Amino acid sequence: MEIYQNLIEYFENTPTIIQVVWIMSCVFFASIVILTIYLKFLRSHLRKNEMTVAEYQKEYESDLIAYLYSGNEEEEISTEQQIIIDKLKNCSADKFKRRIIVSTLLRLRNEISGEMAESIQKLYFQTKLVDYALARLKSKKWHIIATAIRELRQLQVKEVYDEVIAFVIHPKKEIQKEVQLYLVTLFNFKGLEFLNIIETPLSEWNQIQLLEVLQRFDDQELPEITPWLRSTNDSVVIFALKLAKIYNQFEVKDTLLELLSHQNKNIRIDAINVLAQLQVIEAKNILKSKFNDLSKEEQYAFLKLLENLYEISDEAFLLENIINEDFEIKFATLKILKTLRC
Amino acid sequence: MSDVRKIVLAEDNSTLSLLLKFRLEKEGYNLLIAADGKQAIELIEQHDPELILTDIMMPFISGLEVISHVRNKLNKQTPIIVFSAAGQEEMVLKAFNLGANDFMGKPFSPNELVIRVKRLLR
Chain Y
94 MEIYQNLIEY FENTPTIIQV VWIMSCVFFA SIVILTIYLK FLRSHLRKNE
144 MTVAEYQKEY ESDLIAYLYS GNEEEEISTE QQIIIDKLKN CSADKFKRRI
194 IVSTLLRLRN EISGEMAESI QKLYFQTKLV DYALARLKSK KWHIIATAIR
244 ELRQLQVKEV YDEVIAFVIH PKKEIQKEVQ LYLVTLFNFK GLEFLNIIET
294 PLSEWNQIQL LEVLQRFDDQ ELPEITPWLR STNDSVVIFA LKLAKIYNQF
344 EVKDTLLELL SHQNKNIRID AINVLAQLQV IEAKNILKSK FNDLSKEEQY
394 AFLKLLENLY EISDEAFLLE NIINEDFEIK FATLKILKTL RC
Chain L
21 MSDVRKIVLA EDNSTLSLLL KFRLEKEGYN LLIAADGKQA IELIEQHDPE
71 LILTDIMMPF ISGLEVISHV RNKLNKQTPI IVFSAAGQEE MVLKAFNLGA
121 NDFMGKPFSP NELVIRVKRL LR
C-alpha cells in the first residue's frame, strides 16, 4: 500500500513531460500485451481452422474417389454413388463445407481428363453445387461474381452460357476478364465473339491469357478476323493482329494493308510486323513511298520488313538512306545493302 | 516376400494421389505415396520400387532433383514417368536429359497412365 502511495506521489511530483512519457509507456505496454494475446488466439484459431479444413478435405477426397469408382454399367447412378451424392448435397448447405467440397472437385478436375473428369462434372450437377454458383452470380459484390464465373469455367459448365454472357460488358475489369476466359476456355474460337461487343480496352495480360488458352486446343481453325481488325476498339485490333500473326492469316492481307494508315501508331507498327511475317510485298511498296512521313518506330519496323523482302529495285532507296542521320536506320540500311550485293 | 510390384508416386496433390492409388492398386500394384520430393527420395531408398511416377513441381525437392538422385546418386535404372503441367515443356526436356523414360501432360487420363505403367513394367 505504501509503495503504491509512493508511486502516486512520485508521479504527481514529476514534470508533465515525464508524466506523458509514463502514460504513453503504459498504453504501449498494455497494447503489446493485448495484441500478443490476440495474436496467440488468432494463430490457434487459424491452426484449428486449417486442421478442420484438412480433415474435411480428406473426408471429401475419399468420398469423391469412392464416387468415381463405385459406378457400374447397369445403373446410371449406383446405390453407393447416390449415398455420396446425398451426403455431399447435405454438406453443401454449409458455406464452409461447400467451399472445401468445390476445392476438392477442382483439385482433381484440373489434373485429370477423360471419363473421370466428366464424372466430376456430373457430380457437380448432381450435388446441386452449380445452383450455388449461379446464385453467386446474382451477388452485388464483384469478387463473388468473378469467383463464381471462375468456378463454372474450371468445372467446364457450358450450360450457363446465357447467365455468364450477361456480364461481358460489366464495368468491373476482373469480371470481364473471367467472362472472357470462360467463353474462350469452353467455346474455343467461337468464344471470341465477345470481341464484337466489348468497348473497354483488353489489357496486354488478358490478351496473353486468352492466346495461351486458344493454343491449347487441337482445333486451330480461326474464324473470320476481319471485323476485329476493323474494330473501333484499338485493343481489339491489336489482339486481332496478334491472332493474324500467330495463325498466319494471309487471307486478311488487304485489311492489314488498310491498317498501315490507322490513326493509332501502335496498330500501324504491329500491322507492319504482321505484314513482314506474312511477307506481303505490297506493304513494302506502300511503306517505301511514304517512308519519310513515318514515325521512327514505323521506319525501324519497315526496315525489318525490308530485310526479308528486299529486291534489286530497292537499291536506290537504300542508298538514299545510308546517309540518314538516325544510326539505327543507317545501320539497318547498310545491312540490307550488304546482303543485296553479296 | 510379397510379389506385388512397388511403385512410388511423388505428387503434392493429395486428391490425385488418392485417385491413382485406387486405380493402380486395382491393377495389382502397391503404390507408395510421397507428398513431396524429399519423401519420395526416402521411399525410393527404403523400398527400391520398380517404377517411379513423379510430378515436376513439388515442395522442397523438385521432380527433376528426384530423377537426378535416382540416376546419378543411387545409380538405378528404375523407369520414371514424369507428370508435367502446360507450359513446362522445357522442364520435360530437362527431365528426359536427366533420364526420365516417359512423360504425361496434365490433365491426363488415369486409364492412359495405367497403360503406360503396364508397358514400362512389362
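In order, the protein sequences belong to chains Y and L. Per the numbering used here, residue 94 is the first one in the first sequence, and the count goes up by one each step. Per the numbering used here, residue 21 is the first one in the second sequence, and the count goes up by one each step. The beta-carbon is built from N, C-alpha and C at its ideal position, and this holds for glycine as well. Note that the structure is predicted; figures quoted are calculated from it, not measured.
- If you follow the alpha helix (DSSP H) that D156(Y) is part of, which residue opens it and which one closes it? T109 to Y162
- Give a single yes or no on whether D224(Y) has its beta carbon closer than 7 Å to a heavy atom of the ligand ATP. As for the ligand ATP, it is missing from this structure, which has no ligand bound.
- Task: Determine which residues of the segment 106 to 124 of chain L have a Cβ less than 7 Å from any Cβ of chain Y, and write them out in chain order.
- Result: A106
- Task: Count the C-beta pairs between the segment 177 to 184 of chain Y and the segment 200 to 210 of chain Y that are closer than 8 Å, then say yes if the count reaches three, no if not.
- Result: Taking 8 Å as the limit for Cβ pairs, the verdict is that the segment 200 to 210 of chain Y does not touch the segment 177 to 184 of chain Y.
- Query: Looking at I291(Y) and V261(Y), is the spacing between their C-beta atoms short of 8 Å?
  - Reply: Cβ distance < 8 Å, so V261(Y) and I291(Y) count as in contact.
- Item | Coil, strand or helix - N50(L) by DSSP | Here N50(L) carries a strand assignment [DSSP, helix/strand/coil].
- Message: For the structure I just gave you, are there three or more beta carbon pairs, one from the segment 38 to 50 of chain L and one from the segment 417 to 432 of chain Y, closer than 8 Å?
- Response: Two segments are said to touch when three or more pairs of C-beta atoms, one from each, lie closer than 8 Å; by this definition the segment 38 to 50 of chain L does not touch the segment 417 to 432 of chain Y.
- Message: In whole angstroms, give me the CA-to-CA distance for H355(Y) and F280(Y).
- Response: For H355(Y) and F280(Y), the distance between alpha carbons rounds to 31 Å.
- Specify, as a first and last residue, the run of the beta strand (DSSP E) that S104(L) falls within. Counting along the chain, the beta strand (DSSP E) containing S104(L) begins and ends at I100 to S104.
- Taking the alpha-carbon positions, what's the N385(Y) to V373(Y) distance? C-alpha separation (whole angstroms): 21 Å.
- Message: I'd like the ranges of any alpha helix (DSSP H) spanning at least 4 consecutive residues and lying wholly in the segment 184 to 259 of chain Y.
- Response: 188 to 202, 208 to 219, 222 to 229, 235 to 247 and 254 to 258
- Three or more beta-carbon pairs under 8 Å between the segment 240 to 254 of chain Y and the segment 78 to 97 of chain L, yes or no? no
- Task: With a 10 Å radius around its C-beta and 16 neighbouring C-beta atoms as the bar for buried, classify T432(Y) as buried or exposed.
- Result: exposed
- Message: Would L380(Y) and A364(Y) be called neighbours here (beta carbons separated by less than 8 Å)?
- Response: no
- Return yes when the Cβ of K377(Y) is within less than 8 Å of the Cβ of L399(Y), no when it is not. yes
- Query: Pairing CB atoms from the segment 82 to 98 of chain L with CB atoms from the segment 62 to 70 of chain L, are three or more of them under 8 Å?
  - Reply: yes
- Message: Can you confirm whether F80(L), when its beta carbon is compared against all beta carbons of chain Y, has any partner nearer than 8 Å?
- Response: No, F80(L) lies away from the interface with chain Y (no Cβ there is under 8 Å from its Cβ).
- Message: According to DSSP, simplified to helix, strand and coil, what is T74(L)?
- Response: Per DSSP, reduced to three states, the secondary structure at T74(L) is strand.
- Task: In angstroms with no decimal places, state the Cα-to-Cα distance between N366(Y) and A120(L).
- Result: Rounded to whole angstroms, N366(Y) to A120(L) spans 40 Å at the Cα level.
- Quick one: measure Cβ to Cβ for A54(L) and V90(L), integer angstroms, because I've assumed they're closer than 8 Å. Not quite, the Cβ-Cβ distance comes to about 13 Å (not below 8 Å), so this is no contact.
- Query: Among T325(Y), E317(Y) and N401(Y), which one has its Cα closest to the Cα of K346(Y)?
  - Reply: Nearest of T325(Y), E317(Y) and N401(Y) to K346(Y), Cα basis: E317(Y).
- Message: Here's the rule I'm using: 16 or more other beta-carbon atoms within 10 Å means buried, otherwise exposed. How should L222(Y) be labelled?
- Response: Label assigned to L222(Y): buried.
- Thinking just about the alpha-carbon of each residue, which of L227(Y), E408(Y), N401(Y) and N357(Y) is nearest to the one in E391(Y)? N357(Y)
- Reduced DSSP category for I96(Y) - H, G, I as helix; E, B as strand; rest coil: helix
- Query: Near A394(Y), what residues of its chain come up, given a Cβ to Cβ distance below 7 Å and the 5 sequence neighbours on each side ignored?
  - Reply: Cβ within range, chain order: I362, I365 and N366.
- Nearest to L133(L) by CA position, among I72(L), V112(L), V86(L) and M111(L), is which residue? Comparing Cα-Cα distances from L133(L) to each of I72(L), V112(L), V86(L) and M111(L), the minimum goes to I72(L).
- DSSP-derived helix/strand/coil call for L94(L): Of the three classes helix, strand and coil, the one that applies to L94(L) here is coil, per DSSP.
- Contact check, L157(Y) vs T35(L), beta carbons under 8 Å: yes
- Under 7 Å Cβ-Cβ, which residues of chain L neighbour E204(Y)? N33, L36, K126 and P127
- Query: Is it the case that the Cβ atoms of A369(Y) and K335(Y) are separated by a distance below 8 Å?
  - Reply: no
- Expressed to the nearest angstrom, what Euclidean distance is found between the alpha-carbon atoms of E129(L) and E208(Y)? Reading off the sequence shown, one finds Ser at residue 129(L), where the question assumed Glu. Their backbone Cα atoms lie some 8 Å apart in a straight line.
- Query: Between the C-alpha atoms of S163(Y) and I176(Y), what's the straight-line distance to the nearest angstrom?
  - Reply: 11 Å
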